[in-house]
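This report refers to the structure that appears directly beneath it.
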Amino acid sequence: MRIEPRQHLLDIWRAMARNSIDDGAWSWGKWGGLSSVADAERLLCLMYPATEIAGFRLDDPDLTQYDVEKALGRPGGRTEIPGLLLTAVGDFMRRHTGDDERPTFAGGHYFAPQEDGRELTGKQREMEVVDSYSMSVTLCLATLGFLRTYEARTGRRDMLHLIQELKTACSNRLTAAMVSLLRSFTVNVFDAESPQGRTLCELLGQGRLPPRLVLQTFQRRFRSLRATLTE
């Protein structure tokens, strides 16, 4: 069986274009805006390859390859594709920003009730989820890289204005996502003699070293790291 990753990615982009581009404009469909995770994933299907793979670049119309342009099927050709994507990203930023102007990371329809027949409340669907934080970090970094190149390639005033708006929005969302990711981690402290401690010692010693020696070795190897950590 022949593996053709470029062709597979182009096929994905064609499917994206069929389902997300309607009459030359971005369309979220009926599920759009309900889940920040799903919306970010959809944008990343285009934005990530476009910023990470040279052969799929979209931020410089002069370098956009013919098969890439045809896969997206954008009326107006390669010069209109960057504007379409940035408009979609801008819409994403607005959809997932709260009334207090803070970025939101709702799971939306990613959540489902445990019991059949029950419906989740709007408040429950607005709960933030770690997947959204991580997706937003990737999307914002990809978008900022895209903007850096495209800003030097366009003279359109509307696009330059949108670029400045997106720089601010991406910076705010990136910061919020990274802070939220950091706060998502917890530290579970337990004694070496507890069941968790004995299990960890067995794992580290691989069953060949006594727990006391495992603990001493662990403490010695990580002494410098522990010294840098604060409460």
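Residues -7 to 223 (my numbering) are what the sequence shown spells out, left to right.
All residues carry an ideal CB built from backbone N, CA and C; glycine is no exception.
Would you mind stating whether Leu2 and Asp59 have Cβ atoms separated by less than 9 Å? Along the sequence shown, one-based indexing puts residue 2 at 10. Along the sequence shown, one-based indexing puts residue 59 at 67. Yes, these two residues count as a Cβ contact at 9 Å.
Using a 10 Å radius around the Cβ and a threshold of 16 neighbouring Cβ atoms, would you call Ile45 buried or exposed? On the sequence shown, residue 45 is found 53 positions in, with the first residue counted as 1. Its Cβ having fewer than 16 others within 10 Å, Ile45 is exposed.
Chain-order list of residues whose beta-carbon lies under 8 Å from that of Ile73 (same chain, five-residue window excluded): Along the sequence shown, read from residue 1 onward, the residue named residue 73 stands at position 81. Here Ile73 has Leu50, Pro53, Thr56, Glu61, Leu64 and Arg66 as same chain residues with Cβ atoms under 8 Å from its own Cβ, once five neighbours each way along the sequence are excluded.
Give me, in chain order, the residues of the same chain whose beta-carbon lies closer than 7 Å to that of Glu223; leave out the 5 immediate sequence neighbours on both sides. Here residue 223 refers to the residue found at position 231 of the sequence shown. Model confidence at Glu223 stands at a pLDDT of 47, short of 50, so the residue's coordinates are unreliable; what they give is reported in the following sentence. None.
Close Cβ partners of Cys162 (< 7 Å) along its chain, the five nearest in sequence each way excluded: Translated into positions along the sequence shown, residue 162 becomes position 170. Excluding positions up to five away in sequence, the list reads Cys132, Thr135 and Leu136.
When the distance is taken between beta carbons, is Gly99 closer than 9 Å to Ser302? The shown model of the chain, from -7 to 223, leaves out residue 302, and the question about it has no answer.
Under 8 Å by Cβ, that's how I've got Ala224 and Tyr102 pegged, so tell me the actual separation to the nearest angstrom. Here the chain comprises residues numbered -7 to 223, so residue 224 is not present and cannot be evaluated.
Tell me which residues share the same chain as Phe210 and place their Cβ nearer than 7 Å to its Cβ, disregarding the 5 neighbours each side in the sequence. The residue given as residue 210 occupies position 218 in the sequence shown. Once the five neighbours on either side are set aside, the close Cβ partners of Phe210 are Leu196.
Out of Glu(-4), Leu26 and Ser19, which one is the CA nearest neighbour of Lys115? Position 123 of the sequence shown, counting from 1, holds the residue named residue 115. The candidate whose alpha carbon is nearest that of Lys115 is Leu26.
Could you tell me the distance, in whole angstroms, from the CA atom of Arg34 to the CA atom of Gly109? For this step, residue 34 is matched to residue 42 along the sequence shown. For this step, residue 109 is matched to residue 117 along the sequence shown. Taking the straight line joining both Cα atoms gives about 29 Å.
Between Arg165 and Pro95, is the Cβ-Cβ spacing less than 9 Å? By one-based count along the sequence shown, residue 165 stands at place 173. By one-based count along the sequence shown, residue 95 stands at place 103. The beta carbons of Arg165 and Pro95 sit closer together than 9 Å.
Could you tell me the alpha carbon to alpha carbon distance between Leu77 and Pro105, rounded to whole angstroms? For the purposes of this step, residue 77 is taken as residue 85 along the sequence shown, with counting starting at 1. For the purposes of this step, residue 105 is taken as residue 113 along the sequence shown, with counting starting at 1. Spanning the two alpha carbons is a distance of roughly 34 Å.
Is the CB of Leu64 under 9 Å away from at least one CB in chain D? This model lacks chain D altogether, as it is built from one protein chain only.
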